[in-house]
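One structure is given here, and the rest of the page talks about it.
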Amino acid sequence: MTRDQMIAHLLEANAVARSAAEHGHHPFGAVLVGPDDAVLMRQGNIDTVHHAETELARRAAAAYAPEFLWSCTLVTTGEPCAMCAGTLYWANIGCLVYGYEETQLLALTDDHTENPTMNLPARTVFGSGQKTIEVHGPFPEIEDELLAPHRDFWRQ
């Protein structure tokens, strides 16, 4: 996947995040991209324990063989938390693309009870495992756009 394709998919995931927020959910979004660059699934955040990435990885694991998922990419607006990174790992999704780091989200959410961010980068979670997940991110050139849905949401 080229950098331009990654950015296009990040913007699509951001559209999913905006839709989630419009429906009262946390503004996170993710898409699963197949080896042919086609979007296979989309998922918005549901709540504090049903994150977009976790739900998407679980749905993907139920729908596709692990061998196929190893050739797929999960694209998400923000760096996955430890739970989401672990679920991506166990679902056997071979590549992750994320737009902004979790530390930037913490700066916006502060100590919000519905988003108690952890300072545990996805790369650290993956580095603790037995297989190598390819990781791309962050993308500074679009971080402002990807963080925009969060600016007002967490102040409500």
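Residue 1 is where the sequence shown starts when you use the UniProt record's numbering, and the numbers rise one by one after that. All residues carry an ideal CB built from backbone N, CA and C; glycine is no exception.
- Cβ-Cβ distances below 8 Å link Leu69 to Ala60, Ala61, Ala91, Asn92, Ile93 and Gly94 in the same chain, with the five nearest sequence neighbours on each side left out; the list follows chain order.
- Residue pairing of Met41 in beta bridges, as defined by DSSP: Leu32.
- Cβ-Cβ separation between His26 and Val97: approximately 20 Å, too far for a contact (criterion under 8 Å).
- Pro140 and Arg3 have their C-alpha atoms spaced approximately 12 Å apart.
- If you draw a straight line from the Cα of Gly127 to the Cα of Thr87, it is about 14 Å long.
- Cα atoms of Leu32 and Leu120: separation of roughly 23 Å, rounded to the nearest angstrom.
- Beyond the five residues adjoining it in sequence on each side, Cys84 comes within less than 7 Å, by CB distance, of His51, Glu53 and Thr54 in the same chain, given in chain order.
- Using a Cβ distance threshold of 9 Å, Met41 and Ala63 count as a contacting pair.
- Per DSSP, Gly99 is one residue of the beta strand (DSSP E) stretching across Cys95 to Tyr100.
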